[in-house]
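This report refers to the structure that appears directly beneath it.
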Amino acid sequence: MNQNDKSSAALSDVTRDSVSPAVIKRLPRYFRYLRELLRNDILRISSGELSKLMHVTASQIRQDLNCFGGFGQQGYGYNVKYLYGKISEILGVNRNYNAIIIGAGNLGSALASSPIFEKRGVKLVALFDVNPNVIGSSISGYTVLPMEELDQYCAEHTVDIAVLTTPKEVVRETAEHIASLGVKGLWNFASTEIDLSHQGVVVQNVHMGDSLMTLCYELTQNGDTRF
């Protein structure tokens, strides 16, 4: 069995509970850095070289990748194209998931206009809103649909991910309704925690304010003397 076969076999044996959340959190960073290496026509890299780029120790990189089979060869390092393909596979980039956005306000419109979905293998297929002033308008080539049509749309189309940019006051009710329609992934920007694991739904709660506060903390710890 060659290295590629060993890695593929190991990858098939990986379960969700066998990989720590910290490792999973780092996977998108590997994806981004490997994609950039390919853009620069770098096809081979060692764990030491990758560690300098990512500011993660070479030992940590090897440990992370060993969770999925390793993918490296002693004395050679990593084949960047192969590793990028495997990380993409682990992250589901090749699954062609379909996503809808619920809430076509400022944030929803900005997400629809960004390349964030396409670059990660997710296809944005529709936007929904309750505002009559927004319904029927065009955002990045998508006609905003009324929420009244959501049930029928989900019945007639495959929807894997719902992006929630609604007010937090209605997000939980909205999320539970979307889950009842068979959507198994929620990307929640409503600044309130949602947990629908009991319904078999995966939720990623995004708190942009937390990131800003972390930045403020780091500024404070670096000795900001303005006050």
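So for the sequence shown, numbering that gives the first Met the number 0 puts the first residue at 0; every next one is plus one. Where a beta carbon is used, it is the ideal one built from N, C-alpha and C, also for glycine.
If residue i sits next to residue j, beta carbons under 8 Å apart, how far is it from one beta carbon to the other, in whole angstroms?
i	j	result
residue 163	residue 189	5 Å
residue 198	residue 187	With 8 Å as the limit, residue 198 and residue 187 do not qualify as a contact, their Cβ atoms being about 14 Å apart.
residue 37	residue 44	11 Å between Cβ atoms; not a contact.
residue 241	residue 42	Absent from the structure is residue 241, since the part of the chain shown begins at 0 and ends at 226.
residue 115	residue 30	Not confirmed; about 13 Å, so no contact.
residue 52	residue 60	Actually they do not touch by this definition, with Cβ atoms about 10 Å apart.
Is residue j closer than 9 Å to residue i when the C-beta atoms are compared?
i	j	result
residue 22	residue 63	yes
residue 184	residue 201	yes
residue 98	residue 159	yes
residue 134	residue 170	no
residue 89	residue 161	no
residue 55	residue 28	yes
residue 138	residue 103	yes
residue 82	residue 91	no
residue 129	residue 66	no
residue 282	residue 57	No answer is possible for residue 282: the residues shown for the chain start at 0 and end at 226.
residue 152	residue 127	yes
residue 218	residue 177	no
Among all the DSSP beta bridges, which residues are the ones paired with residue i?
i	result
residue 209	BP columns for residue 209 are empty, so no partner.
residue 126	100
residue 185	161, 202
So that I know if they touch, is there some Cβ in chain C lying closer than 9 Å to that of residue i?
i	result
residue 85	Of the protein chains in the structure, only one exists, and it is not chain C.
Tell me the start and end of each unbroken alpha helix (DSSP H) in the region 13–48 that is at least 4 residues and wholly inside, in chain order.
Runs of the alpha helix (DSSP H) inside the region 13–48: 20–38.
Using 8 Å as the Cβ pair cut-off and three pairs as the minimum, do the region 130–148 and the region 97–117 touch?
Segments in contact, yes.
Just to confirm the assignment: which complete alpha helix (DSSP H) runs, minimum length 4, are found wholly within the region 119–165?
Counting whole runs of 4 or more residues, the region 119–165 contains the alpha helix (DSSP H) stretches 149–155.
Hey, which unbroken runs of the alpha helix (DSSP H) at 4 residues or more fall wholly within the region 51–98?
Entirely contained in the region 51–98, the alpha helix (DSSP H) runs reaching 4 residues are, in chain order, 57–65, 79–90.
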